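> Right, I'll just put the structure down here and ask away after.
Residue numbers (mature numbering (1 follows the signal peptide of the UniProt record, and there is no 0)): -30 to -1, 1 to 453.
Here you go:
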């Protein structure tokens, strides 16, 4: 996400209430062994994700009513139990639940804050596959307080004049569909979106069918690569879809407001070159499709939703190319760092944003927009003040997750590693990271270990100082730099 890139002004302007199982009201009970935990234990967001099972597939069915601007939805979550389960949670915020079924049979359910608490009609045994289906109604215009204070949006639904898009990072996918809303629990997806035939529905992945019946069209997409919930994208509106073949056979799919398609289409030709540029450095683009969803709505961020980056059409229209082209490179870099390899926990987000910022800055330099070295030196100059204000790059706070020291400070860590080991070894580290943890999640400790293995020397002390120190360490090769 480029939450830092706010293009305004000059730029463009554990414990649960016992009543759920019959314990007298007021008595608080420790979670029994057969209850799935309400979270995966992320220190920054303890209730995100769910314990007791691993999700394998999401099947989202949604029907958009243009007259009421509401959505009738059904989500089927397929999972495998990692323990005996007599009760479990799904992350789900807002919306109006009308029914829950487990294994095809009606299940008891209740809402507990941002958790949907489900009691299946019979226990789910450890190792067994099972599915839970939730039917609900949603209003994309309704506000949900589902994100940290400095997150770019506080609701996963973003209404547009003729429909909606979604933005789930870091904790707002749960306001769009029920699931295990943590990047450590990735799954595959099927999206079935029905809308009036005059509108277009899009989602992550590959369009596998489009069927019109009467006044409505149903669009079905499949994302076969494992994906974190925060990266899901589904949108409905008056769009024109432009496709072409990109480098290595990648299907480039741009989704543009129909009234702006002719204006925006030439700008997005930049993606072809960026795919080739990043592919030369990181290896083959990891998915089958890629493109830009330019939404006709005002929001001041871009988001790396898997295979289909979300931006505001206004960013492309009202900011200069030297601004928005590097932003697009940033989001494309996230397809490798953040999407292909997701963070094990949210304090590892520097691995997403530091890498995306590093390659954004390198791309801007290669295109003649801005000096890479100058940006790194500026980040170094600000390093001590950022660490004092925000914490070290690998130790952000939940209420200030997307801060300068995660973005440019994270990029500075990578630049220090580059200067320490040399360009060739640095590239081997990057490619080894992507190969080893592809389609999964990994954290800071794994990155330090892998870097040391590839470099053939212990980099633990060096990287620990850069990632967790209260002051900025000396920059290798630049003794004149001061912070």
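Glycine residues also receive a C-beta, built at the ideal position from the N, C-alpha and C atoms.
Since the model is a prediction, treat every value here as computed from it, not as a measurement.
1. From which residue to which residue does the alpha helix (DSSP H) around residue 244 run?
2. Check whether the Cβ atoms of residue 9 and residue 18 sit closer than 8 Å, and answer yes or no.
3. With DSSP as the reference, label residue 351 as helix, strand or coil.
4. Taking the beta strand (DSSP E) that residue 27 belongs to, which residues open and close that run?
5. Curious, which full-length alpha helix (DSSP H) runs of at least 4 residues does the region 399 to 437 contain?
6. If we count Cβ pairs, one from each stretch, closer than 8 Å, do we get three or more for the region 344 to 356 versus the region 290 to 299?
7. Taking the Cβ atom as the reference point for each residue, do residue 409 and residue 278 lie within a distance shorter than 8 Å?
8. Quick one: Cα of residue 130 to Cα of residue 162, how far?
9. How do the region 364 to 379 and the region 214 to 230 stand: do at least 3 beta-carbon pairs fall below 8 Å, yes or no?
10. Between the region 87 to 95 and the region 32 to 42, are three or more C-beta pairs nearer than 8 Å?
11. Skipping 5 residues on each side, what residues in its chain have a beta carbon closer than 6 Å to that of residue 334?
12. Looking at residue 266 and residue 207, is the spacing between their C-beta atoms short of 8 Å?
13. Could you tell me the distance, in whole angstroms, from the CA atom of residue 33 to the CA atom of residue 164?
14. Please work out which residues of its chain come closer than 7 Å, Cβ to Cβ, to residue 152, disregarding the five sequence neighbours upstream and downstream, and give them in chain order.
15. Can you list, in chain order, the stretches of the alpha helix (DSSP H) that have 4 or more residues and sit fully within the region 273 to 344?
16. What are the boundary residues of the alpha helix (DSSP H) that residue 384 is part of?
17. Suppose you measure from the CA of residue 179 to the CA of residue 190; what does that come to, to the nearest Å?
18. Buried or exposed for residue 150, please, with buried defined as at least 16 other CB atoms from any protein chain shown within 10 angstroms of its CB.
19. Looking only at DSSP bridge pairs, what is residue 135 linked to?
20. Let me know the secondary structure DSSP gives residue 61 once reduced to three states.
21. Pick from 63, 100 and 61: whose alpha carbon is nearest that of residue 71?
22. Just confirm the distance between the C-beta atoms of residue 156 and residue 93, as a whole number of angstroms; I'd bet it's less than 8 Å.
23. Starting from residue 259, trace the beta strand (DSSP E) in both directions and tell me its first and last residue.
24. Please classify residue 450: does DSSP put it in a helix, a strand, or coil?
25. From residue 59 to residue 272, what distance separates their C-alpha atoms?
26. Cα separation between residue 252 and residue 396?
27. Could you tell me which of 46, 30 and 380 sits nearest to residue 317, measuring between CA atoms?
28. Less than 8 Å between the beta carbons of residue 182 and residue 211, yes or no?
29. May I have the straight-line CA-CA distance separating residue 249 from residue 429, to the nearest angstrom?
30. Could you spell out the range, first to last residue, of the alpha helix (DSSP H) harbouring residue 232?
31. State the beta-bridge partners of residue 193 as determined by DSSP.
32. Flag this pair as yes or no: are the beta carbons of residue 286 and residue 307 separated by less than 8 Å?
33. Please tell me whether residue 420 and residue 401 are closer than 8 Å, where the distance is taken between their beta carbons.
34. Give me the Cα-Cα distance between residue 75 and residue 55, rounded to the nearest whole angstrom.
35. Going by DSSP in three states, residue 80 sits in which element: helix, strand or coil?
Walking through what the data contain:
1. 240 to 252
2. yes
3. helix
4. 23 to 35
5. 414 to 425
6. no
7. no
8. 20 Å
9. no
10. no
11. 296 and 340
12. yes
13. 5 Å
14. 10, 12, 18 and 19
15. 283 to 288, 291 to 304 and 320 to 336
16. 374 to 391
17. 5 Å
18. buried
19. 128
20. strand
21. 100
22. Their Cβ separation, rounded to whole angstroms, is 26 Å, which puts residue 156 and residue 93 out of contact at 8 Å.
23. 259 to 265
24. coil
25. 30 Å
26. 11 Å
27. 380
28. no
29. 27 Å
30. 231 to 234
31. 159
32. no
33. no
34. 16 Å
35. strand
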